[in-house]
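Just so we're aligned, residue 71 is where the sequence shown starts under my numbering, counting upward by one. Ideal Cβ placement from N, Cα and C applies to all residues, glycine included.
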Amino acid sequence: MRIVHLSSEFAPIAKAGGLGEVIIGLSRKLVRLGNFVEVIIPKYNFIDSNKLNNLEVDLPDFKCLGHSNTMWKAGVEGCALHLLEDHHPAKYFQRDEIYGFDDDIARFTYFSRAALEYLRLKNEPIDVLHLHDWHVSLCAPLVKDLFKDLMVKSVVLSIHNLEYQGKCAVHDLDLIGMNGAEYLRAERLMDENPNFPHSINLLKGGIVYSDAVIPVSPSYAKEILLPEFSFGLQSTLKKAAHKTRGILNGIDTTIWDPSKDKSLVSTYSLETVTKGKQKNRESFDLDLHKRPWVGAVTRLVPQKGPDLIIEAIEKTIELGGTFLLLGSSPIAEIQEQFNQVQKKYQGNPQVLLNYNYDDQLAHLIYGALDLLLVPSRFEPCGLTQLIAMRYGTVPIVRSTGGLKDTVFDCDDPSVAVEKRNGFTFADFTKKSMCSALERAFHLFRTDPTSFHTLIRRGMQSDFSWKKPALEYQKIYAQTSMKSKAPQKTLKERIDRLADTA
Ligand code: GLC
């Protein structure tokens with residue numbers, strides 16, 4: 071199958087969070103399964119071309135809404151990565167960050183249209199156009215309307231986070247060459263919020279017009295039908311329920327492999343986990359006797375429970391453990407709260423708070439921790455708990471979304487014994503989180519054998535892309551078979567062959 075992913079991120083060259091990791095992990099696996107996979111992302115200013123082998127111009131100059139663009143290409147892990155460089159006066163992607171600009175709507179709607187203009191010029195049949203999140207959701211209505219001539223058999227949308235939807239004005243669609251007013255209808259892109267009756271919702275467009283909608287875990291797929299998780303799109307999602315199916319993400323088990331990880335001071339396997347972790351802990355300037363070591367590797371946004379993380383830092387110190395936090399906040403007030411915590415514990419060997427994201431340090435932290443805390447308010451999938459388990463770090467998570475599908479409490483009698491691999495808590499409260507933390511400390515200190523069993527179960531689980539990629543492939547096959555997309559006639563194919571001969 072020929073699969074084209076459209077995304078705003080691709081790890082490691084353009085990554086803000088889990089999305090980028092998922093695009094490369096899934097693509098690589100789909101290639102191994104024999105598919106032809108392409109990925110199109112913007113060519114951001116900060117992308118280090120030296121990190122891309124054989125980067126070359128693919129199409130030097132093509133127009134989108136009268137503006138010039140260049141498409142670049144490079145081979146990455148067997149897939150064809152395309153980078154769109156815009157020559158728009160607003161310099162949409164000559165920025166130092168992926169997101170966070172006032173013109174994000176204009177940037178990503180432009181990217182969506184320009185990517186389709188490129189595919190139109192390429193004029194190759196596509197089995198699946200796979201969209202990710204709101205940034206490229208507009209491609210779904212575009213393909214079904216303005217780009218009907220594209221030979222796309224099916225359009226699939228993955229929802230990595232429903233919180234971000236790309237709400238904008240009718241005028242924003244006009245700017246991209248669509249008739250905005252046409253789309254301001256309840257059954258099209260009109261936002262569901264009755265207080266904003268003139269608002270367009272790009273993610274809604276993706277949901278309505280795609281052939282399949284894939285939230286990134288089965289539990290999240292169910293939760294988003296409830297008011298507290300649907301972020302205002304409940305009715306749209308209910309209508310799309312027949313074509314919605316949750317598929318759990320995988321992790322890249324070659325990048326995340328404690329037995330080969332070059333970022334670790336000491337690599338280890340299940341047989342040597344205790345010693346290996348001890349050696350990794352020794353590389354930190356922290357108190358080696360204050361155990362267990364608890365940590366969190368996360369962006370500090372409300373979704374991730376920053377208040378609960380602060381509480382966990384306090385509680386861990388009180389209980390005589392050590393806390394390591396890696397991650398910062400794009401929200402000034404939250405970052406300030408954490409700066410205060412840092413001030414309070416300055417020089418304390420039971421705390422390490424690092425607010426500069428550092429990939430190598432992340433690996434080392436997973437390789438040193440006993441417990442990883444993920445106290446999310448909601449979590450579409452979550453990758454850190456999967457990485458933690460692969461590194462023999464026992465997760466403590468709030469039972470929601472993908473966390474609920476992957477972590478099972480060691481004291482839960484309703485779960486088969488062999489599945490129990492961590493600690494969970496139900497309520498998004500300090501009390502509930504602290505009680506899970508206390509249970510974890512207790513087991514760690516009083517019953518090392520049972521604690522080691524949890525480590526073993528995590529390390530022996532398969533969190534690779536093998537199963538998820540097969541599930542995606544199934545959806546691709548189902549949706550593209552039903553397609554009524556224009557296919558090239560025999561005459562067109564012969565003409566094209568003659569052209570290229
Ligand atoms: C988003 C979600 C996270 C998910 C990731 C990749 O960052 O918040 O739960 O794991 O996307 O799908």
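Just so you know, the alpha carbons of V411 and S553 end up roughly 56 Å apart. Take Y427, set aside five residues on each side of it, and the residues of its chain with a beta-carbon closer than 8 Å to its own are L396, G397, S398, in chain order. Taking a contact as a CB-CB distance under 8 Å, the pair Q420 and K360 counts as one, their CB atoms being some 5 Å apart. CA-CA distance, E384 to L296, rounds to 33 Å. Under DSSP, W142 shares a beta bridge with V127, L153. Separation of V146 and L122 (C-alpha to C-alpha, rounded to the nearest whole angstrom) is 7 Å.
P211 counts as buried, since at least 16 other C-beta atoms from the protein chains shown sit within 10 angstroms of its C-beta.
DSSP places G87 in no alpha helix (DSSP H); its state is neither H nor E.
Apart from the 5 residues on each side of it in sequence, S336 sits with its Cβ closer than 7 Å to the Cβ of G346, K349, N350 in its chain, given in chain order. Residue side-chain check: H230 places its Cβ nearer than 7 Å to a non-hydrogen atom of the ligand GLC. The three-state secondary structure of V371, taken from DSSP, is coil. Contact between the segment 461 to 475 and the segment 501 to 516 is established, with three or more Cβ pairs separated by less than 8 Å. Just measuring C-alpha positions, the residue of D219, T516, F495, R515 sitting nearest A506 is F495. P362 is a Cβ neighbour of F514, given a cutoff of 8 Å. Here L370 has P376, I379, G397, S398, S399, I401, I404, Q405, F408 as same chain residues with Cβ atoms under 8 Å from its own Cβ, once five neighbours each way along the sequence are excluded. DSSP places L394 within a strand segment (E or B) once states are collapsed to three. In this structure L154 touches A184 by the C-beta definition: roughly 6 Å separates them, less than 8 Å. Beta-bridge partners of D479 (DSSP): G492. Put simply, of E108, K192, L389, Y169 the residue whose alpha carbon is nearest the alpha carbon of K85 is Y169.
Taking the Cβ atoms as the reference, T454 lies roughly 5 Å from V367, within the contact range of under 8 Å.
One alpha carbon belongs to I110, the other to H200, and they sit about 10 Å apart. Taking the CA atoms as reference points, I294 sits about 43 Å from G417. A contact between stretches requires three or more CB pairs, one per stretch, nearer than 8 Å, and the segment 89 to 98 fails this requirement with the segment 116 to 135.
Two segments are said to touch when three or more pairs of C-beta atoms, one from each, lie closer than 8 Å; by this definition the segment 308 to 326 touches the segment 525 to 535. A Cβ-Cβ contact shorter than 8 Å links L191 with F132.
Assignment of R98 by DSSP, reduced to helix, strand and coil, places it in the helix class. Excluding its 5 nearest sequence neighbours in each direction, A432 has C-beta neighbours in its own chain below 7 Å: V367, L396, listed in chain order. Cβ-Cβ separation between R98 and I196: approximately 19 Å, too far for a contact (criterion under 8 Å). For H137, the secondary structure class from DSSP, reduced to helix, strand or coil, is strand.
By the Cβ criterion, the segment 270 to 289 is in contact with the segment 225 to 241, since at least three pairs of Cβ atoms, one from each stretch, lie closer than 8 Å. When the five nearest sequence neighbours on each side are left out, the beta carbons in the same chain lying within less than 8 Å of the beta carbon of A547 are those of M71, in order along the chain. Around the Cβ of P267, a 10 Å sphere holds fewer than 16 other Cβ atoms; the residue is exposed. Between the alpha carbons of W204 and Y338 lies a distance of about 40 Å. The beta carbons of V222 and C149 sit no closer together than 8 Å.
Within the same chain, and ignoring the five residues on either side of A251 in sequence, the residues whose Cβ sits closer than 7 Å to its Cβ are V240. Relative to the ligand GLC, the beta carbon of G346 is positioned no closer than 7 Å to any heavy atom.
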